[in-house]
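K.L.:
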Amino acid sequence: MKKTCKIVLSIALLLLTSNTVFSQKVVRYDLYIKDTLVNFSGKERRAIAVNGQIPMPTLTFTEGDTAEIYVHNRLKEETSLHWHGLLLPNKEDGVPNLTQMPIKPNTTHIYRFPIIQNGTHWYHSHSGLQEQIGMYGNFVMLKREGDKTFRKGIDDLPTVPIVLSEWTDTNPDNVHRMLHNATDWFAIKKGTTQSYAEAIRQGYFKTKLKNEWKRMLAMDVSDVYYDKFLINGKNESSFVPPLGVRGLGNKVRLRISNGGASTYFWLTYAGGKITVVANDGNDVEPVEVDRLMIAVSETYDVVVTIPFENTAFEFLATSEDRTKSTSLYLGSGVKQLTSPLPKLKYFEGMKMMNGMMKMNGNLDDMGMQMSLNQMDMNVVMYPEITGDAKKKDKAMKDMKMTGNNYNSNKLSDIVTLNYAMLKSPTKTTLPTPLPFGKGQGVRLLRFELSGNMNRYVWSLDNKVISETDKILIKKGENIRITLYNGSMMRHPMHLHGHDFRLLNGQGEFAPLKNIVDIMPMETDTLEFNANVDGDWFFHCHILYHMMSGMGRVFSYQNQAPNPEIPNPKLAYRRLKADDRKFHLMAENDFATNGNDGMAMLQNTRWSIGTEWRLGYSNMMGYETETHFGRYIGKMQWFMPFVGFDWRYRKFGIAEQETNLFGQSNSKDNRSLFSAGFNLTLPMLVILQAEVFHNGDFRLQLMREDIPISKRLRAGFMVNTDKEYMFDLRYILKKNIAIRTHYDSDMGFGLGLTANY
Ligand SMILES: [Cu+2]
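Count the sequence shown with the working numbering and you get residues 376 to 1131, in order.
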């Protein structure tokens, strides 16, 4: 895959079929999916290549063709391919355990469907986390000759297919596990820890306090640290336009897909304005902007001007968190760069989040009706727009005062694309619902995008896929969906098999899309005509959110059985298994005074965990506490549990102390069942209340991971058995820390902590 970016692998077969009067072109591709080793950042890692390359080859068709795609699975695991944004029969949609069974190792699966649309789309694996390690590619469908919608000066330009993506040296299963364990390792790598020391240095101590008072962790615009960002599989690449079109004033069309698993990209260009001509594969009226954000899994077609001979303009894609970027140079010769985006002002973002977050964990929109990315709340973090503090305060005040229809573009001269600016060149109104009368057959649905960062739970209406049934819809009816984002992160919501109209104020010319990115507190409405039978996935396209269960399935009533799913019940059970997975977390401190650790298995709601302490020498003894509980509520601040305590300490027994309630204190010799709860209090302090089966009570307060500085964490514990502990931990590496602590029973200790 090293230098084979432009391999063309199409084997096109022209067939005359006997049962139609028209000649029908069948375009066949053979895709060989294999394990490979890559080295994007100095470390050799496993990836998946298709036909030897990453990204997967660009597949090109013309509207009217029939696609025949042979997928040869040469992996040791199951796979699938989903044709993103395509209108096709349900059984060809490529969602394992929903529209087909997974493609088994060493088998070939054939996807065959008519191409009934045109535009820039893409395709990717829908199995596990394979998309993160190479399984994404462009899927381009050209307009047929004589198409009435053909646009001179746009559709006849030379085009450059572009797939954006990201690379992490961490195995994606481990990334997913670490996200569920609320790791701050990614923040350390990104330089976005927002510790107390950093807060004090930058004058935001009160902001940090208030943030923790409201039970929030450090804020960020993205979850995962990536080692590299890629355009067409490279961090830097170039495109030299064909001879005839070189020279300033000529234009090229970039067909851009965001194949990143979880990264939004800012797109900027050194050669002037960017003209947006299509979005999610559908034409829009050309609109000139200085920059745009492409959400995860969106596609944009843009037209840009190419440079003089001997010059190359930089097309820059910067991750939303602005940690890194990737460039494509258009032209050859002296590189003309575009200015890099300045670092985000994270504490300003934290301050904004503080303002939005109510004590109960719900967001407070302060009466603003936000939608369509028009008012980007993150603008307070953009130095290029809200520069100095004064201007930023004015911007915030303006936002609050004008409320409705506020537009971030009014804050500066920089024009940023938002959804309200997208207009279809043709009417997109839905047909009158078929089996119904006028004004009937419109189905209204509403979902709140929900979730919480601390436990990395992402859901709709606080329910994950496995906790819900398929949503039945009727063929012929129009479905109108209102989405409100009540979570603290943005989500690109994707509908399979249909284009929807995004109601954006353009009336009959509302743009057709299959992804809508919704920022926190925004409300958006979309609608589509239910016109193709099947079970269609509707989900957040951030890979780790989807795998956590953020989605639903729309299922057409009375549809014929899907021949690809021989056992629907089994398939559905497997589909649900994805978000039910348990994630392991473990830690052990090898210290001078003993051994101190814990192991925990957790999923969306359930938690089973054990803590242990083994004392050495004169503190000889052991204790273990095991709790099995269930997290309750959207914010999951409350966890009732049952448990078992088992401890023995030789030297303590004689003392016969009492606890703070005057009851017998069995802290040195106990073998008891218990019931109780954990409650997360302001400042992220956990109150644990427990009653043992002999009637003794115990209350305990604890806090872990107080971010003192970038790598220094503090913690404490104190309880009514008159036990206490405090510790300091310096994080050396992803899995290693130096720790010092003082424990009322075990004394002072210094050690190395290993965590998984
Ligand atoms: Cu999401």
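Note that beta-carbon positions come from the ideal geometry of N, C-alpha and C, so glycine has one too.
Quantities reported herein were computed from a predicted structural model and do not represent experimental measurements.
Which residue's Cα is closest to the Cα of Asn1040: Lys1097, Lys400 and Ala935?
P.N.:
On the sequence shown, residue 1040 is found 665 positions in, with the first residue counted as 1. For the residues Lys1097, Lys400 and Ala935, the minimum Cα distance to Asn1040 belongs to Lys1097.
K.L.:
Is DSSP giving Ala645 helix, strand or coil here?
P.N.:
One-based indexing of the sequence shown puts residue 645 at position 270. Three-state result, Ala645: coil.
K.L.:
So Met868 is in the alpha helix (DSSP H); what residue range does that whole segment cover?
P.N.:
In the sequence shown, the residue the question calls residue 868 occupies position 493. Premise fails: Met868 lies in the beta strand (DSSP E), His866 to Leu870, not in any alpha helix (DSSP H).
K.L.:
Go through its chain and collect everything with a Cβ distance to Met1163's Cβ below 7 Å, but skip five positions before and after it.
P.N.:
Residue 1163 falls outside the range modelled here, since the chain spans only 376 to 1131, and no answer is possible.
K.L.:
With a threshold of 7 Å (Cβ to nearest heavy atom), would His920 be considered close to ligand 1?
P.N.:
The residue labelled residue 920 in the question sits at position 545 within the sequence shown. Result yes, Cβ under 7 Å from ligand 1.
K.L.:
The beta strand (DSSP E) spanning Glu611 covers which residue range?
P.N.:
The residue labelled residue 611 in the question sits at position 236 within the sequence shown. Its beta strand (DSSP E) spans residues Glu611 to Phe614.
K.L.:
Could you give the residue range of the alpha helix (DSSP H) that holds Glu902?
P.N.:
Within the sequence shown, numbered from 1, the residue matching residue 902 stands at position 527. Taken as a continuous stretch (DSSP letters only), Glu902 belongs to no alpha helix (DSSP H), being part of the beta strand (DSSP E) at Thr898 to Asn904.
K.L.:
For the alpha helix (DSSP H) containing Lys581, name the first residue and the last one.
P.N.:
Start at 1 with the first residue of the sequence shown, and residue 581 comes out as number 206. Where Lys581 is concerned, the enclosing alpha helix (DSSP H) stretches over Phe580 to Trp588.
K.L.:
On the DSSP bridge assignment, give the partners of Glu998 in chain order.
P.N.:
For this step, residue 998 is matched to residue 623 along the sequence shown. Its beta-bridge partners are Arg988 and Arg1022.
K.L.:
List the whole-angstrom C-beta distance separating His706 from Pro682, where the pair is believed to meet the contact cut-off of C-beta under 8 Å.
P.N.:
Translated into positions along the sequence shown, residue 706 becomes position 331. Translated into positions along the sequence shown, residue 682 becomes position 307. Correcting the residue type first, residue 706 is Gly in the shown sequence and not His. Confirmed, Cβ separation roughly 5 Å.
K.L.:
Give the DSSP-derived three-state secondary structure of Phe822 in the structure shown.
P.N.:
Counted from its first residue, the sequence shown places residue 822 at position 447. Reduced to three states, the DSSP call for Phe822 is strand.
K.L.:
Return yes when the C-beta of His866 is under 7 Å from any heavy atom of ligand 1, and no when it is not.
P.N.:
Within the sequence shown, the letter at position 491 stands for residue 866. Checking the Cβ of His866 against ligand 1 gives yes.
K.L.:
Can you name, in chain order, every residue of its own chain whose Cβ lies under 8 Å from the Cβ of Thr791, other than the five neighbours on each side?
P.N.:
Along the sequence shown, one-based indexing puts residue 791 at 416. Here the set comprises Val664, Asp665, Arg666, Leu667, Met668, Asp751, Ser783 and Asn784.
K.L.:
Using the rule of at least 16 other Cβ atoms within 10 Å of the residue's Cβ for burial, across every protein chain shown, is Ser714 buried or exposed?
P.N.:
Along the sequence shown, read from residue 1 onward, the residue named residue 714 stands at position 339. Per the 10 Å Cβ criterion, exposed.
K.L.:
What are the partner residues of Val664, as DSSP defines its beta bridges?
P.N.:
For the purposes of this step, residue 664 is identified with residue 289 of the sequence shown, where counting begins at 1. Ile649.
K.L.:
Along the chain, where does the beta strand (DSSP E) that runs through Gln1012 open and close?
P.N.:
Walking along the sequence shown from the start, residue 1012 turns up at place 637. Residue identity differs from the one stated: residue 1012 is Trp in this sequence, not Gln. From DSSP, Trp1012 is part of no beta strand (DSSP E); its letter is neither H nor E.
K.L.:
Could you check the C-alpha separation between Val659 and Gly972 for me, to the nearest Å?
P.N.:
As a first step, residue 659 must be located in the sequence shown, where it is residue number 284. As a first step, residue 972 must be located in the sequence shown, where it is residue number 597. In a straight line, the C-alpha of Val659 is about 58 Å away from that of Gly972.
K.L.:
Please list, in chain order, all residues of the same chain as Lys726 whose beta carbon is under 6 Å from its beta carbon, the five residues on each side excluded.
P.N.:
Stepping through the sequence shown from its first residue, residue 726 is reached at position 351. Excluding positions up to five away in sequence, the list reads Thr582.
K.L.:
Between the C-alpha atoms of Ile649 and Arg949, what's the straight-line distance to the nearest angstrom?
P.N.:
Mapped onto the sequence shown, residue 649 falls at position 274. Mapped onto the sequence shown, residue 949 falls at position 574. Rounded to whole angstroms, Ile649 to Arg949 spans 44 Å at the Cα level.
K.L.:
With DSSP run on the structure shown, which of helix, strand or coil describes Gln815?
P.N.:
Counting from one through the sequence shown, the residue named residue 815 turns up at place 440. Gln815 falls in the coil class under three-state DSSP.
K.L.:
Going along the chain, which residues of its own chain have a beta-carbon closer than 6 Å to the beta-carbon of Thr1001, five neighbours each way excluded?
P.N.:
In the sequence shown, the residue the question calls residue 1001 occupies position 626. So the qualifying residues of the chain are Thr985, Gly1018 and Phe1019.
K.L.:
Given this structure, state the Cα-to-Cα distance separating Lys451 from Phe561, to the nearest angstrom.
P.N.:
Taking the sequence shown and counting its residues from 1, the one referred to as residue 451 is at position 76. Taking the sequence shown and counting its residues from 1, the one referred to as residue 561 is at position 186. Near 30 Å, if we compare the C-alpha coordinates of Phe561 and Lys451.
K.L.:
When you compare each of Lys1108, Arg830 and Leu1035 to Phe1072 by their alpha carbons, which one comes out closest?
P.N.:
Locating residue 1072 in the sequence shown gives position 697, counting from the first residue. With distances taken between Cα atoms, Phe1072 lies closest to Leu1035.
K.L.:
Would you call the CB atoms of Ser375 and Thr761 closer than 8 Å?
P.N.:
Limits of the chain in this structure are 376 at one end and 1131 at the other, which puts residue 375 out of reach.
K.L.:
With a cut-off of 8 Å on the beta carbons, I'd call Thr543 and Val599 a contact; round off their distance for me.
P.N.:
Against the sequence shown, residue 543 aligns to sequence position 168. Against the sequence shown, residue 599 aligns to sequence position 224. Going by Cβ atoms, the distance from Thr543 to Val599 rounds to 6 Å, so yes, they are a contact pair.
K.L.:
What does the Cβ neighbour count give for Asn889, buried or exposed, with the cut at 16 atoms within 10 Å?
P.N.:
Taking the first residue of the sequence shown as 1, we reach residue 889 at position 514. It is buried - the Cβ of Asn889 has at least 16 other Cβ atoms within 10 Å.
K.L.:
At what residues does the beta strand (DSSP E) containing Glu541 begin and finish?
P.N.:
The sequence position of residue 541 within the sequence shown is 166, counting from 1. Per DSSP, Glu541 belongs to the beta strand (DSSP E) from Thr534 to Trp542.
K.L.:
Of all the options Val402, Tyr1006, Cys915 and Thr967, which has the alpha carbon lying nearest to the alpha carbon of Ser672?
P.N.:
Taking the first residue of the sequence shown as position 1, residue 672 is located at position 297. Of the candidates Val402, Tyr1006, Cys915 and Thr967, the one whose C-alpha sits nearest the C-alpha of Ser672 is Cys915.
K.L.:
Quick check on the burial criterion: 16 or more other C-beta atoms within 10 angstroms. Buried or exposed for Asp892?
P.N.:
Taking the first residue of the sequence shown as 1, we reach residue 892 at position 517. Classification of Asp892: buried, given that the 10 Å Cβ count is 16 or more.
K.L.:
So, helix, strand or coil for Tyr601, using DSSP?
P.N.:
Working through the sequence shown from its first residue, we reach residue 601 at position 226. Reduced to three states, the DSSP call for Tyr601 is coil.
K.L.:
For ligand 1, is there a heavy atom less than 7 Å away from the beta-carbon of Met925?
P.N.:
By one-based count along the sequence shown, residue 925 stands at place 550. Yes.
K.L.:
When you compare only the Cα positions, how much space is there between Thr411 and Leu738?
P.N.:
In the sequence shown, the residue the question calls residue 411 occupies position 36. In the sequence shown, the residue the question calls residue 738 occupies position 363. Roughly 45 Å separates the two Cα atoms.
K.L.:
Using CA coordinates, which residue listed in Arg821, Glu419, Ala653 and Leu1056 is at the minimum distance from Val677?
P.N.:
On the sequence shown, position 302 is the one that residue 677 refers to. The candidate whose alpha carbon is nearest that of Val677 is Ala653.
K.L.:
Look up Thr761 in the DSSP assignment and say whether it is helix, strand or coil.
P.N.:
As a first step, residue 761 must be located in the sequence shown, where it is residue number 386. Thr761: helix per DSSP, three-state reduction.
K.L.:
With 16 as the cutoff for other CB atoms within 10 Å, does Ile1111 come out buried or exposed?
P.N.:
As a first step, residue 1111 must be located in the sequence shown, where it is residue number 736. With fewer than 16 other Cβ atoms within 10 Å, it is exposed.
K.L.:
Taking 7 Å as the cut-off, does the CB of Ile917 come closer than this to any heavy atom belonging to ligand 1?
P.N.:
Position 542 of the sequence shown, counted from the start, is the residue given in the question as residue 917. Flag set: Cβ of Ile917 near ligand 1.
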